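A.B. asks: Going left to right, the sequence shown walks through residues 30 to 265 as this note's numbering numbers them.
Every residue, glycine too, gets a C-beta built ideally from N, C-alpha and C.
Note that the structure is predicted; figures quoted are calculated from it, not measured.
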Amino acid sequence: MEQADEKREGSMVKVIRNFEIEIDKGEVCRYLGYGEDQHPTSSISSLIDEEIEEAYSLIQPSCFYRLMDIWRVRHHRVILEDGLTITSEVLSLVLSRCQQAAIFVANIGRRLEGRVAQLMKEGQMLRGTILDAVGSEAAERTACYLQDRIREFAQLNGTDITLRFSPGYCDWDITQQRVVFEAMNSAPLGVTLTEECLMVPRKSVSGIIGLGRSEKRQVRFSPCRLCTKTDCPSRR
30 MEQADEKREG
40 SMVKVIRNFE
50 IEIDKGEVCR
60 YLGYGEDQHP
70 TSSISSLIDE
80 EIEEAYSLIQ
90 PSCFYRLMDI
100 WRVRHHRVIL
110 EDGLTITSEV
120 LSLVLSRCQQ
130 AAIFVANIGR
140 RLEGRVAQLM
150 KEGQMLRGTI
160 LDAVGSEAAE
170 RTACYLQDRI
180 REFAQLNGTD
190 ITLRFSPGYC
200 DWDITQQRVV
210 FEAMNSAPLG
220 VTLTEECLMV
230 PRKSVSGIIG
240 LGRSEKRQVR
250 FSPCRLCTKT
260 DCPSRR
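Okay, here's the thing in structure tokens:
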């Protein structure tokens, strides 16, 4: 693992590269639409194994994050240092007992998506679809790797972390991607935003993690408690 600091104004943007992730085949199947009681045929299962192996030669996981002080939380708004403002009722609850927040962007590079496009162009739709699902899982594992590193840092300092949240989830509007990228202070992320606030490359994850005193149970607040969709597969 390689970690470095990108020197910018205010708190520094930290970079983590050259680390390994483990792709979960079960999660790949979930991305492909298989339910808990459903399993791919042996031939499809073999293709999934092959595309997972290919993905390992294509992905280049990297994480950028910045630890920022939370100045105040009020009226469904979270005000971070530099005056950056997050607008979300859910996040105002989640971060209400936190002293800091880690803003992050994680990605797996562009090569996997390029290979998916090539497979599709060659008419290998099934392989392309499977590799695309593998890429989604790889991006998620990359974000989880960062989350684990932030948890370790928090615990060394006597704090705990919240769940991870991304723009477009719960009531955090997708347009707030701009706030995340503004917090990165023009660090060389290898990720750009479209006018619709979608990330390129697509296999990227951005978001926020709160850090607060571990004795304050509110740090572990889950927004799923506010949601009536009890059969959601992503319920936490």
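1) Indicate the three-state DSSP secondary structure (helix, strand or coil) for residue 55 in the structure shown.
2) Using only CA atoms, which one of 61, 117, 77, 132 lies nearest to residue 190?
3) Hey, could you find the ends of the alpha helix (DSSP H) residue 165 is sitting in?
4) In this structure, how does DSSP classify residue 212 when only helix, strand and coil are distinguished?
5) Measuring alpha carbon to alpha carbon, tell me which of 98, 232, 62 ends up nearest residue 172.
6) Measure how close the beta-carbons of residue 159 and residue 77 come, nearest whole angstrom, since I'm counting them as under 8 angstroms.
7) Just to confirm, are residue 207 and residue 128 a CB contact at a threshold of 9 angstroms?
8) Using C-beta distances below 7 angstroms, list every residue in its chain close to residue 113, excluding the 5 sequence neighbours before and after it, in chain order.
9) Rounded to the nearest angstrom, what separates residue 222 and residue 180 at their Cα positions?
10) In three-state terms, what does DSSP make of residue 140?
11) Could you give the distance in angstroms between the alpha-carbon of residue 108 and the alpha-carbon of residue 188?
C.D. replies: On the basis of the coordinates in this document:
1) For the purposes of this step, residue 55 is identified with residue 26 of the sequence shown, where counting begins at 1. Here residue 55 sits in helix by DSSP.
2) Position 161 of the sequence shown, counting from 1, holds the residue named residue 190. For the residues 61, 117, 77, 132, the minimum Cα distance to residue 190 belongs to 132.
3) As a working note, residue 165 is residue 136 in the sequence shown. Residues 154-185.
4) By one-based count along the sequence shown, residue 212 stands at place 183. In the three-state reduction of the DSSP assignment, residue 212 falls in the helix class, which pools H, G and I.
5) For the purposes of this step, residue 172 is identified with residue 143 of the sequence shown, where counting begins at 1. Scanning 98, 232, 62 for the CA closest to the CA of residue 172 turns up 232.
6) One-based indexing of the sequence shown puts residue 159 at position 130. One-based indexing of the sequence shown puts residue 77 at position 48. Contact holds; Cβ gap of about 6 angstroms.
7) Along the sequence shown, read from residue 1 onward, the residue named residue 207 stands at position 178. Along the sequence shown, read from residue 1 onward, the residue named residue 128 stands at position 99. Not in contact: residue 207 and residue 128 (Cβ atoms no closer than 9 angstroms).
8) Along the sequence shown, one-based indexing puts residue 113 at 84. 208, 211, 212, listed in sequence order.
9) Position 193 of the sequence shown holds residue 222. Position 151 of the sequence shown holds residue 180. Our two residues, residue 222 and residue 180, have alpha carbons roughly 27 angstroms apart in a direct line.
10) Translated into positions along the sequence shown, residue 140 becomes position 111. Of the three classes helix, strand and coil, the one that applies to residue 140 here is helix, per DSSP.
11) On the sequence shown, position 79 is the one that residue 108 refers to. On the sequence shown, position 159 is the one that residue 188 refers to. Residue 188 has its alpha-carbon roughly 20 angstroms from the corresponding atom of residue 108.
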